[in-house]
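Student: A single structure is presented below for examination.
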Amino acid sequence: MEESITDSNQHALGECIFTRELNNQLWATLKHNKGLNINSIILATFNYLAEN
Numbered sequence: 079m080e081e082s083i084t085d086s087n088q089h090a091l092g093e094c095i096f097t098r099e100l101n102n103q104l105w106a107t108l109k110h111n112k113g114l115n116i117n118s119i120i121l122a123t124f125n126y127l128a129e130n
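Residue numbers (the working numbering): 79 to 130.
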């Protein structure tokens with residue numbers, strides 16, 4: 079089944095919103111935990127997103 083342009087646009091918009099939220103949370107985690115390494119920051123971010 080072919081994906082419509084509307085479906086494709088909604089999918090892209092959803093990815094943009096998720097990416098923006100992920101980026102915002104990554105920066106917030108980084109600023110809050112300056113001593114953590116990048117793996118810990120990414121893990122903390124994904125844990126936060128999974129809870130919300």
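We put the CB at the ideal spot given by N, CA and C, even for glycine.
Span of the alpha helix (DSSP H) holding residue 118?
Tutor: Here residue 118 corresponds to residue number 40 of the sequence shown, with the count starting at 1. In the DSSP assignment, residue 118 falls within the alpha helix (DSSP H) that extends over 116 to 129.
Student: With DSSP as the reference, label residue 102 as helix, strand or coil.
Tutor: The residue you call residue 102 lines up with position 24 of the sequence shown. In the structure shown, residue 102 sits in a helix (DSSP, three-state: H, G or I).
Student: Do residue 100 and residue 127 come within 8 Å of each other at the CB atom, strictly closer than that value?
Tutor: Sequence index remark: in the sequence shown, residue 127 carries index 49 (1-based). Sequence index remark: in the sequence shown, residue 100 carries index 22 (1-based). For residue 127 and residue 100, yes; Cβs fall inside 8 Å.
Student: Once DSSP output is grouped into helix, strand and coil, what is the label at residue 79?
Tutor: Locating residue 79 in the sequence shown gives position 1, where the first residue counts as 1. Confidence is the limiting factor: at residue 79 the pLDDT is only 49, short of 50, which leaves the residue's position unreliable, though a coordinate-based value still follows. Residue 79: coil per DSSP, three-state reduction.
Student: DSSP on residue 112, reduced to helix/strand/coil?
Tutor: What you label residue 112 is simply residue 34 of the sequence shown in a count that begins at 1. Three-state DSSP puts residue 112 in coil, outside helix and strand.
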